[in-house]
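Take a look at the structure set out below.
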Amino acid sequence: MMFLWPWALGLLLLIPLLIWLYRQSLRPPAESVVLHPDVAMLARASRKTRNWRQHLSAGLYLLALVVAVFALARPTLPVLQADPRAAVVLAVDISRSMQATDVQPSRFEAARAALRSFIRELPEGTRVALVTFSRDSQLVVPLTTDRGRLLEAVDFLELNLGTAIGDAILESITALPPLSERAGVPDPKSLATIILLTDGRSLAGVDPIEAAHEAARLQIRVHAIGIGRTTEGLVPGLPEQYSLAAQFDEATLKEIARVGEGNYFYVDSAGRLTEAYRNLTRQMTWRIRQDEATAAFSLLAGTLLMLSLGVAQFRRRVV
Numbered sequence: 015m016m017f018l019w020p021w022a023l024g025l026l027l028l029i030p031l032l033i034w035l036y037r038q039s040l041r042p043p044a045e046s047v048v049l050h051p052d053v054a055m056l057a058r059a060s061r062k063t064r065n066w067r068q069h070l071s072a073g074l075y076l077l078a079l080v081v082a083v084f085a086l087a088r089p090t091l092p093v094l095q096a097d098p099r100a101a102v103v104l105a106v107d108i109s110r111s112m113q114a115t116d117v118q119p120s121r122f123e124a125a126r127a128a129l130r131s132f133i134r135e136l137p138e139g140t141r142v143a144l145v146t147f148s149r150d151s152q153l154v155v156p157l158t159t160d161r162g163r164l165l166e167a168v169d170f171l172e173l174n175l176g177t178a179i180g181d182a183i184l185e186s187i188t189a190l191p192p193l194s195e196r197a198g199v200p201d202p203k204s205l206a207t208i209i210l211l212t213d214g215r216s217l218a219g220v221d222p223i224e225a226a227h228e229a230a231r232l233q234i235r236v237h238a239i240g241i242g243r244t245t246e247g248l249v250p251g252l253p254e255q256y257s258l259a260a261q262f263d264e265a266t267l268k269e270i271a272r273v274g275e276g277n278y279f280y281v282d283s284a285g286r287l288t289e290a291y292r293n294l295t296r297q298m299t300w301r302i303r304q305d306e307a308t309a310a311f312s313l314l315a316g317t318l319l320m321l322s323l324g325v326a327q328f329r330r331r332v333v
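Here the sequence shown is numbered in our numbering, starting from 15 and rising by one per residue.
Okay, here's the thing in structure tokens:
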């Protein structure tokens, strides 16, 4: 924790004086001594009532003063945020095979739920674009910090025929900042990321591996997520003619991630898909920003003061 006005902390030197004055106020003056028939019993009774509860109100009041001094010094706290220069493209497969139900409630609905969670959990200011692909690819939302726009686009996604993974990677490349804008940092890949999600194998367009090499040449990191199954056989929720298209090419996705210096995730459930996106969120480029927390400390000081007054009123006895 840092302070914008550290000189104000000098007021804390008054705290020992206040403690001394409080202790002095607890000592009765000598002239108040009176005769009592059983002084020993009176002394024992007075010792029983001297516990921490009788000092609670004063302790809360003193703590409120300390917090108020901290607020006066204008404290700042470190806050993690994504580098505003960083950009992420979400490339999402919307082929018909995504309606398979081997991932509940379906691959498509699980993907949409995971995308919503990923978008909502991103730090403020993160730039994200959305690319969809089936027989061709399309930039649905260019780079933006508007989460509402991204969430709305996810809600309106519709399935189509075909799977063109290579075209999706190339479309994602065009949506990211050019290498010339990222050349001044030690790792340009940290500022440009593609997260590819697919449940099938590429059946059209550019070869996915060639597209991955183009991304690597432009210093773009590519992560790959395979959802569904790699084994043969009928796929729940799909006609038989879609069986081959619904079995993704795991070897190709692993090679895409290797070339793009990213991670490969195999997911067979909605929970694992959400966790895969969450892991990728943690790998984003972060930086530390100092945010002023004066308001929070002021609120805490006021709360402690109210508690002190409340405790004092509760313990007050009127005869």
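Even for Gly, the Cβ is constructed at its ideal location relative to N, Cα and C.
When secondary structure is reduced to three states using DSSP, Leu136 falls in the coil class, being assigned neither helix nor strand. Per DSSP, reduced to three states, the secondary structure at Ala105 is strand. By the Cβ-count criterion, Ala271 is buried, with 16 or more other Cβ atoms from all chains shown falling within 10 Å of its own Cβ. Straight-line measurement puts the Cα of Ile183 at about 22 angstroms from the Cα of Glu123.
Just so you know, the alpha carbons of Leu86 and Leu79 end up roughly 10 angstroms apart. Beta-carbon to beta-carbon, Asp213 and Gly242 are separated by about 4 angstroms, close enough to satisfy the 8 angstroms threshold. When the beta-carbon positions are compared, Leu165 and Leu104 stay at least 8 angstroms from each other. Minimum Cα-Cα distance from Leu26 among the listed residues Arg37, Val81, Tyr36, Phe17 corresponds to Val81. The segment 132 to 146 makes no contact with the segment 110 to 124, as fewer than three CB pairs between them are under 8 angstroms. From the listed residues Gly162, Pro156, Val154, the smallest Cα separation to Leu136 is found for Gly162. Assignment of beta strand (DSSP E) within the segment 180 to 242, counting only whole runs of 3 or more residues, yields 206 to 212, 235 to 241 in chain order. Around the CB of Pro222, 16 or more other CB atoms lie within 10 Å, so the residue is classed as buried.
Only buried fits Phe311, as 16 or more other CB atoms lie within 10 angstroms of its CB.
Your pair Leu18 and Arg88 checks out as a contact, with CB atoms roughly 4 angstroms apart and the cut at 8 angstroms. Non-local C-beta neighbours of Ala238 in its own chain, meaning closer than 6 angstroms and more than five positions away in sequence, comprise Leu210, Leu267, Ile270, Ala271, Tyr278, ordered along the chain. Annotated as distal: Val281 and Thr207, with beta-carbon spacing of 8 angstroms or more. Taking C-beta separations shorter than 6 angstroms and ignoring five residues to either side along the sequence, the partners of Met16 in its chain run Thr90, following chain order.
Spatial neighbours of Asp169 in its own chain (CB-CB distance under 8 angstroms, excluding positions within 5 residues in sequence) are listed in chain order as Arg126. When the alpha-carbon of Ala290 is set against those of Val220, Leu173, Leu129, the nearest one is in Leu129. Ranked by Cα distance from Ser283, the first of Gly240, Tyr36, Ala307, Gly219 is Gly240.
Within the DSSP bridge table, the entry for Gln304 names Pro92 as partners. Inter-residue distance for Leu157 and Ser109 is about 23 angstroms (C-alpha atoms, whole angstroms).
The residue from Leu173, Leu232, Arg296, Glu228 with its alpha-carbon nearest to that of Glu195 is Leu232. In the structure shown, Arg141 falls within a strand segment according to DSSP collapsed to helix, strand and coil. One Cα belongs to Glu306, the other to Ile133, and the distance between them is close to 26 angstroms. With contacts defined as CB atoms closer than 8 angstroms, Ala189 and Ser216 fail to qualify as a contacting pair. Taking a C-beta distance under 8 angstroms as the contact criterion, Val106 and Thr146 qualify as a contact pair. In the same chain as Thr308, and ignoring 5 residues on each side of it, the C-beta atoms closer than 8 angstroms to its own belong to Ala85, Arg88, Pro89, in chain order.
If you draw a straight line from the Cα of Ser186 to the Cα of Leu23, it comes to about 52 angstroms.
Membership of Gln152 in the beta strand (DSSP E) is indicated by the continuous run 151 to 158.
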